[in-house]
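**Q** Just so we're aligned: 236 in this note's numbering is position 242 of the sequence shown, and the numbers increase by one with no gaps anywhere. Ideal Cβ placement from N, Cα and C applies to all residues, glycine included. Please read these numbers as outputs of a predicted model, since none were measured by experiment.
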Amino acid sequence: RLITGSVIPIRNNSSGIIGAVIVIKDTTLLKKSEEIIFTMEYFDSLTGLPNRTLFSDRLNMALAHARRNAQQCALIILDLDNFKAINDTLGHSMGDLLLKLVSEKIRSCLREVDTIARLGGDEFIILQPQICGIGDATKVADRILGKFQSPWTLGEKQYYITASLGIAIYPNDGQDEQTLFRNADTAMYKAKEVGRNNYQMFAESMNIKVQQKLEIENSLRMAVERDEFALFYQPQVDITTNKLRGFEA
């Protein structure tokens, strides 16, 4: 139990101490309430990992330290491949179990100074402060992917689950939290695009392609609204009979 106390002296008319009032408080419940509130605010309720709020605080502290000491940091975003299929076929309880197992496996691949957080859903993020170079980040990514080579036991059966990882390095790939998040996320989606179950280092060309795709999508939407599409038909002819077989639109 946590007990706090204070002593208040009782004085006579001559200011002499003739007694005291002792106040004792049991602060156990208050302390537990503060711990519960802190946990709810800064940690993920399912995995017990730091949430984005706490991770953001640690990341900004790491970036400030890296700036002062001319060091590098790595940000790794991990997303499970086809996690929705697990929830849809096995149920959310098994999906939650998988997330807990994944968080434990990832933690076993990290140093004590590293931080892993759950961003939400099936997405995790890792901070590696004070690294010597890209090789430190890729070694961790390789170790993590190695954990996914073995099946995961969910209930009475085993399932093979893979993950896609994106890596961004401070200061080359961004010098603030927002830019590093965005670039690591871009690299992660690149990993999914090229086949999943791999990691990708961020490259500026990825942002160029994302921007081009966004511009094309916006242009197509505007073209529909402005009635800028025209429909053409190309006849398909059977060369043996010289008869019309259909059309391409």
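Considering only C-alpha positions, which residue in the set T22, L40, T33 is nearest to T246?
**A** One cannot answer for residue 246 here, as it falls past the ends of the chain, which runs -5 to 243.
**Q** Hey, quick one: how far does the alpha helix (DSSP H) through V134 stretch, first residue to last?
**A** Against the sequence shown, residue 134 aligns to sequence position 140. According to the DSSP assignment, V134 belongs to the alpha helix (DSSP H) that extends over 128 to 141.
**Q** Measure the alpha-carbon distance for Q169 versus Q65 and round it to whole angstroms.
**A** What you label residue 169 is simply residue 175 of the sequence shown in a count that begins at 1. What you label residue 65 is simply residue 71 of the sequence shown in a count that begins at 1. Each residue's Cα considered, the two are about 12 Å apart.
**Q** Who are P229's beta bridge partners in DSSP?
**A** By one-based count along the sequence shown, residue 229 stands at place 235. Bridge partners of P229: F241.
**Q** By alpha-carbon positions, which one of I16, G140, I100 ends up nearest to L121?
**A** Taking the first residue of the sequence shown as 1, we reach residue 121 at position 127. For the residues I16, G140, I100, the minimum Cα distance to L121 belongs to I100.
**Q** Quick one, are the C-beta atoms of L174 and L91 less than 8 Å apart?
**A** Sequence index remark: in the sequence shown, residue 174 carries index 180 (1-based). Sequence index remark: in the sequence shown, residue 91 carries index 97 (1-based). No, these two residues do not count as a Cβ contact at 8 Å.
**Q** Identify, in the order they occur along the chain, each residue of the same chain with its Cβ nearer than 7 Å to the Cβ of L113, setting aside the five sequence neighbours on each side.
**A** Reading the sequence shown from its first residue, position 119 is the one you call residue 113. Counting only Cβ-Cβ distances below 7 Å, and skipping sequence neighbours, we find R46, I119.
**Q** Count the other CB atoms within 10 Å of the CB of F241; is the residue buried (16 or more) or exposed (fewer)?
**A** Against the sequence shown, residue 241 aligns to sequence position 247. Label assigned to F241: exposed.
**Q** What are the boundary residues of the alpha helix (DSSP H) that includes S27?
**A** Numbered from 1 along the sequence shown, position 33 holds the residue referred to as residue 27. That run of the alpha helix (DSSP H) goes 22 to 36.
**Q** Taking a contact to mean a Cβ-Cβ separation below 8 Å, would you say A68 touches I161 in this structure?
**A** Position 74 of the sequence shown holds residue 68. Position 167 of the sequence shown holds residue 161. Contact flag set, yes.
**Q** Return the chain-ordered list of same chain residues with a C-beta closer than 7 Å to the C-beta of T156, the five sequence neighbours on each side being excluded.
**A** On the sequence shown, residue 156 is found 162 positions in, with the first residue counted as 1. These residues qualify, in order along the chain: D75, F142, R190, N191.
**Q** Give the secondary structure of V107 by DSSP, where H, G and I count as helix, E and B as strand, and everything else as coil.
**A** Here residue 107 refers to the residue found at position 113 when the sequence shown is read from its first residue. Correct three-state label for V107: coil.
**Q** Does G127 pass the burial test, meaning 16 or more other C-beta atoms within 10 Å, or should it be called exposed?
**A** Here residue 127 refers to the residue found at position 133 of the sequence shown. By the neighbour-count rule (16 or more Cβ atoms within 10 Å), G127 is not buried but exposed.
**Q** CA-CA distance, L40 and W146?
**A** One-based indexing of the sequence shown puts residue 40 at position 46. One-based indexing of the sequence shown puts residue 146 at position 152. Separation of L40 and W146 (C-alpha to C-alpha, rounded to the nearest whole angstrom) is 18 Å.
**Q** Our contact map puts I12 next to I2 with C-beta atoms below 8 Å; I'd like the distance itself, whole angstroms only.
**A** Here residue 12 corresponds to residue number 18 of the sequence shown, with the count starting at 1. Here residue 2 corresponds to residue number 8 of the sequence shown, with the count starting at 1. With a contact defined as Cβ atoms closer than 8 Å, I12 and I2 miss out at about 13 Å.
**Q** Quick one: is M216 buried, meaning 16 or more other Cβ sit within 10 Å of its Cβ, or exposed?
**A** Along the sequence shown, one-based indexing puts residue 216 at 222. Exposed.
**Q** If I follow the unbroken beta strand (DSSP E) through Y164, where does it start and stop?
**A** By 1-based counting over the sequence shown, the position of residue 164 is 170. Here the beta strand (DSSP E) through Y164 covers 157 to 164.
**Q** If you drop the 5 nearest sequence neighbours on each side, which residues of the same chain put their C-beta closer than 7 Å to that of D232?
**A** Here the question's residue 232 lines up with position 238 in the sequence shown. Result list for D232: R239, in chain order.
**Q** Should A79 be labelled buried (16 or more other beta-carbon atoms within 10 Å of its own) or exposed?
**A** The count along the sequence shown starts at 1 and reaches residue 79 at position 85. Exposed, by the Cβ-count rule.
**Q** To the nearest angstrom, how far is the alpha carbon of T21 from that of D38?
**A** In the sequence shown, the residue the question calls residue 21 occupies position 27. In the sequence shown, the residue the question calls residue 38 occupies position 44. Roughly 26 Å between the two C-alpha positions.
**Q** Assign G89 to one of two classes, buried (16 or more other C-beta atoms within 10 Å of its C-beta) or exposed (fewer than that).
**A** Here residue 89 refers to the residue found at position 95 of the sequence shown. With 16 or more Cβ atoms within 10 Å of its Cβ, G89 is classed as buried.
**Q** Thinking C-alpha only, which one of N236, M195, Q152 is nearest N177?
**A** Sequence index remark: in the sequence shown, residue 177 carries index 183 (1-based). When only C-alpha atoms are compared, the closest one is M195.
**Q** For F223, I'd like the list of residues in its chain whose CB is within less than 7 Å of its CB, leaving aside the five on either flank, ordered along the chain.
**A** Walking along the sequence shown from the start, residue 223 turns up at place 229. Cβ neighbours of F223 beyond the five flanking positions: A217.
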